[in-house]
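Worksheet for the structure shown next.
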Amino acid sequence: MTARVAYVVSLFPCWSETFVLREIQALRARGLDVRVFSLRPPREALVQTDAQPLLADVVYPRPAAAVLGLARHPIAALGALREAWREAAPRGALAVAKALYTVAVAAQFARTVRRLGVRHVHAHFATYPALAARTMRRIAGVSYSVTTHAHDIFLPNPHLRPNLDAAHTVVTISEYNRRHLAALGADDARMTVVPCGLDLAKLQRGEGRARTGGSIVAVGRLVPIKGFAKLIDACALLQRRGVPFTCDIIGGGPLHDALEHRIAGYRLDGRVRLVGALEQAEVQARLAAAELCVVPSVRTPDGDQDGVPVALMEAMALEVPVVTTRVSGIPELVRDGVSGLLVEPGDVCALAAAIERLLRDRLLRARLALGGRAAVARRQDIAVVTARMQEIFGDALAGRPS
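For the sequence shown, the tail end lands on 510 under our numbering, and the numbers increase by one without skipping.
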C-alpha cells in the first residue's frame with residue numbers, strides 16, 4: 109500500500125510515548141508514507157534520538173491556518189464545533205475549551221491532509237487525537253482508526269463513544285481493554301487487539317553483559333498509577349530485613365517531591381534514587397545492567413490504571429526478570445512463575461516478598477528472564493504488529509471491514 113497515512117497524537121515528540129514513535133518508524137521502514145500531526149507544539153526538553161529524523165515532517169498547529177480551515181468549510185466545521193461542545197459541556201468550561209481547540213486545529217489538519225493526499229488517519233488515544241481524527245473525517249472525508257490505551261478509556265472521556273462509533277476500526281492493546289470497551293457499549297465487531305510492538309533485534313541483553321548484584325530498576329512517569337510509593341514502601345521492608353539492594357526509579361513527573369519525602373522518611377537515601385527522565389538508550393542500558401525490574405502498577409480510586417507498560421515489555425525483551433502486578437492487561441503478557449512474578453496491586457508485603465525471592469534465587473532469575481523474552485517475542489514483535497496495522501489501513505482505504 110503506497111497511500112499516505114496521517115498519525116495524529118497529542119504531542120510529538122513525547123518522552124513517555126516511545127511506542128508511538130517505534131510504530132511509525134517500523135511502518136516507514138515497510139514503505140508506508142506516514143506523516144505525523146501533533147495537536148500541541150513541541151515543548152519537551154528531552155527528545156529521543158530516534159525522533160530527530162521525523163521532526164522536519166511533523167505538522168504542528170498554526171492559529172492562522174486553523175482559522176482558515178474553519179472558514180473554508182463553515183458547515184462541516186460548525187457541525188464539528190457543535191458536537192464537540194455538546195459532548196464536553198457536562199465536564200465544564202476547561203473541557204469545552206480543549207474540545208473547541210482540538211476541532212480548530214483539526215480543521216487546519218484537514219486542509220493539510222487534502223494537500224498531501226492523505227486518505228486515512230490513525231489516532232493514538234481515544235481522547236483529543238481521536239476527536240481530531242473524527243473532525244478530519246467530517247471536513248476532509250478521510251477514514252480514520254484509533255488505538256486505545258489506558259487513561260483514554262479508564263478515566264471519564266466525554267468524547268469516547270462518539271470517537272469509537274465513527275472510527276473504521278478500534279484498535280486496543282489488550283483483551284482486558286477490549287472487554288472493558290465492549291462493556292461500555294462499543295461495537296465489538298469493529299474492535300481488534302494489536303499490542304504495542306518492540307523491535308526485538310534492538311533489544312537484546314548481549315553476551316557476557318554483567319549485572320549489578322542487588323540492583324532494581326523501575327521506569328515510568330512519577331504519577332499515581334505507576335505505584336512507585338508502594339515500591340518505596342517495599343524497599344523499606346527489604347531494608348529492615350537486611351536484604352542488600354539498590355533501587356533506581358527512572359522518570360519525571362508531579363509526584364517527585366512526595367516520593368523524595370517518602371524516601372527520606374524511611375532513611376532510604378542512597379538505596380532508593382529518583383534518577384529523572386533519561387534518553388531511551390540510557391534507560392535500556394540501565395535495565396540491561398539491573399538484576400531485576402519492578403513494575404508496581406496500581407489502580408487509583410477513580411479507576412485510572414496502566415495498559416501494558418512499555419518498560420515492562422522492554423525489560424522482558426532484555427531478559428531482565430520482572431516483578432509486576434495484576435493490573436489491566438499485564439497478566440496477558442506476564443504469567444506468574446513463567447515469565448515473571450505477579451502480585452496483587454498495592455500489596456506491599458507481597459511486592460517485597462517477590463523482590464526478595466528473586467534477589468536471592470539466581471536460578472529463578474535465569475528461568476524467568478528466558479520466559480520473559482519468549483513472551484514478548486510471541487506477543488510484541490514489531491514486524492507482526494505493523495503488518496497488522498497495514499492490513500487495517502488497507503481495509504479502511506478499500507472500504508472493507510477490518
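C-beta: ideal position from N, C-alpha, C; glycine also.
Please classify A196: does DSSP put it in a helix, a strand, or coil?
Within the sequence shown, the letter at position 88 stands for residue 196. Correct three-state label for A196: helix.
With DSSP collapsed to three states, give me the class of A114.
By one-based count along the sequence shown, residue 114 stands at place 6. Strand, per DSSP.
What first and last residue would you give for the beta strand (DSSP E) that runs through A231?
For this step, residue 231 is matched to residue 123 along the sequence shown. Here the beta strand (DSSP E) through A231 covers V226 to H232.
Which residue from V484, V113 and A504 puts its Cα closest to that of G305?
Position 197 of the sequence shown, counted from the first residue, corresponds to residue 305. Nearest of V484, V113 and A504 to G305, Cα basis: V484.
Could you check if T320 is buried or exposed, using at least 16 other CB atoms within 10 Å of its CB as the buried criterion?
Residue 320 sits at position 212 when you count from the first residue of the sequence shown. So T320 ends up on the exposed side.
In angstroms with no decimal places, state the Cα-to-Cα distance between V167 and A366.
Within the sequence shown, numbered from 1, the residue matching residue 167 stands at position 59. Within the sequence shown, numbered from 1, the residue matching residue 366 stands at position 258. So the two alpha carbons sit approximately 37 Å from each other.
Considering only DSSP beta bridges, list what C355 is partnered with.
Locating residue 355 in the sequence shown gives position 247, where the first residue counts as 1. DSSP lists I324 and V380 as partners of C355.
Give the secondary structure of F145 by DSSP, where H, G and I count as helix, E and B as strand, and everything else as coil.
The residue you call residue 145 lines up with position 37 of the sequence shown. Residue state, collapsed to three classes: strand.
What separation, rounded to the nearest whole angstrom, lies between the Cα atoms of T126 and P417?
Taking the sequence shown and counting its residues from 1, one reaches residue 126 at position 18. Taking the sequence shown and counting its residues from 1, one reaches residue 417 at position 309. Distance between the alpha carbons of T126 and P417: 11 Å.
Ordered along the chain, which non-local residues of its own chain (more than five positions away) have a Cβ less than 8 Å from that of V493?
The residue labelled residue 493 in the question sits at position 385 within the sequence shown. Excluding positions up to five away in sequence, the list reads E131, A134, V302, P303, C304 and G305.
Whose C-beta lies closer than 7 Å to the C-beta of I371 among residues of the same chain, with five residues either side of it excluded?
Sequence index remark: in the sequence shown, residue 371 carries index 263 (1-based). The residues I340, D377 and V380, in chain order, have a CB closer than 7 Å to that of I371 in the same chain once the five nearest residues on each side in sequence are set aside.
Which stretch, first to last residue, makes up the alpha helix (DSSP H) that contains Y168?
The count along the sequence shown starts at 1 and reaches residue 168 at position 60. That residue, Y168, is in no alpha helix (DSSP H); it is neither H nor E in DSSP.
Answer yes or no: do R473 and L466 have a C-beta to C-beta separation smaller than 7 Å?
In the sequence shown, the residue the question calls residue 473 occupies position 365. In the sequence shown, the residue the question calls residue 466 occupies position 358. Going by C-beta atoms, R473 is nearer than 7 Å to L466.
What residues in its chain sit with their C-beta under 7 Å from that of V213, if we drop five residues either side in the sequence?
On the sequence shown, residue 213 is found 105 positions in, with the first residue counted as 1. If we look at V213 and ignore the five residues flanking it on each side, its Cβ neighbours are L147, P169, A174 and A240.
Determine whether the Cβ of A297 lies closer than 7 Å to any Cβ atom of chain B.
Although the question refers to chain B, the structure presented lacks it and comprises just one protein chain.
Bridge partners for M299 per DSSP, in chain order?
Within the sequence shown, residue 299 is the residue found at index 191, counting from 1. According to DSSP, M299 bridges with V278.
Could you tell me which residues DSSP pairs with V254 in its beta bridges?
By one-based count along the sequence shown, residue 254 stands at place 146. In the DSSP output, where bridge partners are listed per residue, V254 has A231 and V278.
Determine, using beta-carbon pairs with one atom in the stretch 407 to 427 and one in the stretch 185 to 197, whether at least three such pairs fall under 8 Å.
no
If D158 and V144 are in contact, beta carbons under 8 Å, what's the gap, nearest whole angstrom?
Here residue 158 refers to the residue found at position 50 of the sequence shown. Here residue 144 refers to the residue found at position 36 of the sequence shown. The Cβ separation is near 13 Å, so there is no contact.
Check whether the stretch 245 to 260 touches the stretch 395 to 403, taking contact to mean three or more Cβ pairs, one atom from each stretch, closer than 8 Å.
Here the stretch 245 to 260 does not lie against the stretch 395 to 403, with fewer than 3 beta-carbon pairs under 8 Å apart.
To the nearest angstrom, how far is it from the Cα of V406 to the Cα of D260?
Along the sequence shown, one-based indexing puts residue 406 at 298. Along the sequence shown, one-based indexing puts residue 260 at 152. Per the coordinates, the alpha-carbon of V406 lies some 17 Å from the alpha-carbon of D260.
Whose C-beta lies closer than 7 Å to the C-beta of W193 among residues of the same chain, with five residues either side of it excluded?
The residue given as residue 193 occupies position 85 in the sequence shown. For W193, where only same-chain residues beyond five positions count, the Cβ hits under 7 Å are V204, A207 and L208.
Roughly how many whole angstroms lie between the Cα atoms of R223 and A114?
Within the sequence shown, numbered from 1, the residue matching residue 223 stands at position 115. Within the sequence shown, numbered from 1, the residue matching residue 114 stands at position 6. Cα to Cα, the separation comes out at about 12 Å.
Over the uninterrupted alpha helix (DSSP H) stretch that includes T126, give me the two end residues.
On the sequence shown, position 18 is the one that residue 126 refers to. Looking at the DSSP string, the run of the alpha helix (DSSP H) that includes T126 is T126 to A137.
When you compare only the Cα positions, how much space is there between G293 and A231?
Counting from one through the sequence shown, the residue named residue 293 turns up at place 185. Counting from one through the sequence shown, the residue named residue 231 turns up at place 123. Annotation: G293 to A231 spans about 20 Å, alpha carbon to alpha carbon.
Unbroken alpha helix (DSSP H) runs of length 4 or more, entirely within the stretch 427 to 476: which are they?
438 to 441 and 456 to 468
Compute the distance between the beta-carbons of L189 and V221, then report whether it is under 7 Å.
As a working note, residue 189 is residue 81 in the sequence shown. As a working note, residue 221 is residue 113 in the sequence shown. Not in contact: L189 and V221 (Cβ atoms no closer than 7 Å).
Excluding the five sequence neighbours on either side, which residues of its own chain have a C-beta within less than 7 Å of the C-beta of V142, listed in chain order?
For the purposes of this step, residue 142 is taken as the residue at position 34 of the sequence shown. Contacts found: V113, Y115, I132, L135 and R136.
Heavy atom of the ligand ADP less than 6 Å from the Cβ of R242, yes or no?
With respect to the ligand ADP, the structure offers nothing, as it holds no ligand at all.
What does a CB cutoff of less than 7 Å around V446 pick up in its chain, not counting 5 residues either side in sequence?
Position 338 of the sequence shown, counted from the start, is the residue given in the question as residue 446. Closer than 7 Å at the Cβ level, and outside the excluded window around V446, lie G479.
With distance defined between alpha-carbon atoms, name the residue in A460, P182, Y252 and L386 nearest to Q498.
Position 390 of the sequence shown, counted from the start, is the residue given in the question as residue 498. Considering only alpha carbons, the answer is Y252.
If you draw a straight line from the C-alpha of A393 to the C-alpha of A172, how long is it?
Within the sequence shown, numbered from 1, the residue matching residue 393 stands at position 285. Within the sequence shown, numbered from 1, the residue matching residue 172 stands at position 64. About 44 Å.
Note down, in chain order, each residue of its chain lying with its Cβ closer than 8 Å to the Cβ of M109, except the 5 sequence neighbours on either side.
Locating residue 109 in the sequence shown gives position 1, counting from the first residue. Its pLDDT being 45, under 50, M109 is placed unreliably by the model, and the measurement read from it follows with that caveat. Cβ within range, chain order: L140, Q498, F501, G502 and L505.
In terms of DSSP beta bridges, what is V402 paired with?
Locating residue 402 in the sequence shown gives position 294, where the first residue counts as 1. DSSP lists V431 as the bridge partner or partners of V402.
Compute the distance between the beta-carbons of L330 and G359, then report whether it is under 7 Å.
For the purposes of this step, residue 330 is taken as the residue at position 222 of the sequence shown. For the purposes of this step, residue 359 is taken as the residue at position 251 of the sequence shown. It is a contact, given that the beta carbons lie within the stated cut-off.
Whose CA, out of P404, I463, L382 and P409, lies closest to the CA of L420?
Taking the first residue of the sequence shown as 1, we reach residue 420 at position 312. The residue with the shortest Cα to Cα distance from L420 is P404.
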